[in-house]
Amino acid sequence: MSIMEIKERVAAIREEIAALSGGREVKLLAATKTRTAEEIQAAFAAGIDAAGENKAQEFRDKLLSGAFGDGEVHFFGHLQSNKLKYVVGRAALIHSVDSVPLLRAIDTMAGERGVCQNVLAEVNIGREPGKHGLNPEELTGFLDAAADFCHIKVMGLMTVAPIAEIPDENREYFAKMYQLFIDNQAEKRDNVVMKYLSMGMSGDYRAAISEGSNMVRIGTGIFGLRQY
């Protein structure tokens, strides 16, 4: 996709966000898996808030090559403990933390590196078999456990909603996530700040924003079909 097309797409998405958000700030993240440095830099120049990767080694390689420039970078994907070294202390926000053991491992590595790592708790709001994420009833225990650590901060929640066959079909899941977010904002826990609700991707970000998302992760909507 051309630089001009990326610029136009980002501008169009920004307009949609403004129309749907009711004045709330919504962070626009570009999902940059398989994208070139030129495409990524074009997206930053067009006004995205951050880039995001979902493969730890690709994340590392792009950082080393300077593909993100000075832009903020997040990590979206499932994170195995043996890949933490590529991400902890380097990602501004890890969206995909779904167990206390993983939280503990991140805390340990962050301590070794002298940083505090911001993370989101990933929730499997659709209770889909084989999908990563905490079940909703597990979230309270996870957030309570965050108080035991010194080098992480849980900044909010993330979900990947069930795929909708027709527009708005998965809206109910976004509404449920927003309620979880609001309920936990009311709780006061050490190392937990309910600031971000990361939900909505290229096919469903409109519904997600309408239901309260303040952070969307968009790939094909910005760059077109993924290149392999």
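In our numbering, the protein residues as written are 1 to 228. Ideal Cβ positions, reconstructed from N, Cα and C, are used throughout, including at glycine. Keep in mind that this is a model prediction, so the values were computed, not measured.
Distance, residue j Cα to residue i Cα
i: Phe-181; j: Val-193; result: 10 Å
i: Asp-49; j: Cys-116; result: 21 Å
i: Ala-56; j: Glu-169; result: 31 Å
i: Val-160; j: Gly-114; result: 31 Å
i: Ala-186; j: Ser-65; result: 42 Å
i: Ala-37; j: Leu-93; result: 20 Å
i: Ala-147; j: Asp-183; result: 18 Å
Residue from the options with nearest C-alpha to residue i
i: Ile-166; options: Glu-15, Tyr-173, Gly-203; result: Gly-203
i: Glu-122; options: Met-1, Thr-140, Ala-43, Ala-147; result: Thr-140
i: Glu-58; options: Tyr-86, Pro-129, Phe-142; result: Tyr-86
i: Glu-112; options: Asp-98, Val-88, Leu-93; result: Val-88
i: Pro-136; options: Phe-174, Met-201, Arg-217; result: Phe-174
i: Pro-162; options: Pro-129, Asp-144, Asp-190; result: Pro-129
Unbroken alpha helix (DSSP H) run spanning residue i, endpoints
i: Leu-84; result: 84-87
i: Met-201; result: Run containing Met-201: none; DSSP gives neither H nor E here.
i: Met-1; result: Taken as a continuous stretch (DSSP letters only), Met-1 belongs to no alpha helix (DSSP H), as it is neither H nor E.
Local Cβ density within 10 Å of residue i, reported as buried at 16 or more and exposed below that
i: Arg-35; result: buried
i: Gly-133; result: buried
Enclosing beta strand (DSSP E) for residue i [first to last residue]
i: Ser-65; result: Counting along the chain, Ser-65 falls outside any beta strand (DSSP E), though it belongs to the alpha helix (DSSP H) covering 56-65.
i: Gly-221; result: Here Gly-221 belongs to no beta strand (DSSP E); instead the alpha helix (DSSP H) covers 220-223.
i: Leu-143; result: It is not in any beta strand (DSSP E) - Leu-143 instead sits in the alpha helix (DSSP H) that spans 139-145.
i: Glu-211; result: Careful: Glu-211 lies outside any beta strand (DSSP E) and carries neither H nor E.
Open item on the list: With three or more beta-carbon pairs closer than 8 Å as the criterion, would you say the segment 104-113 touches the segment 139-152?
Closed with: yes
- [ ] Specify whether the segment 71-81 and the segment 90-102 touch according to this definition: at least 3 beta carbon pairs, one from each stretch, less than 8 Å apart.
- [x] yes
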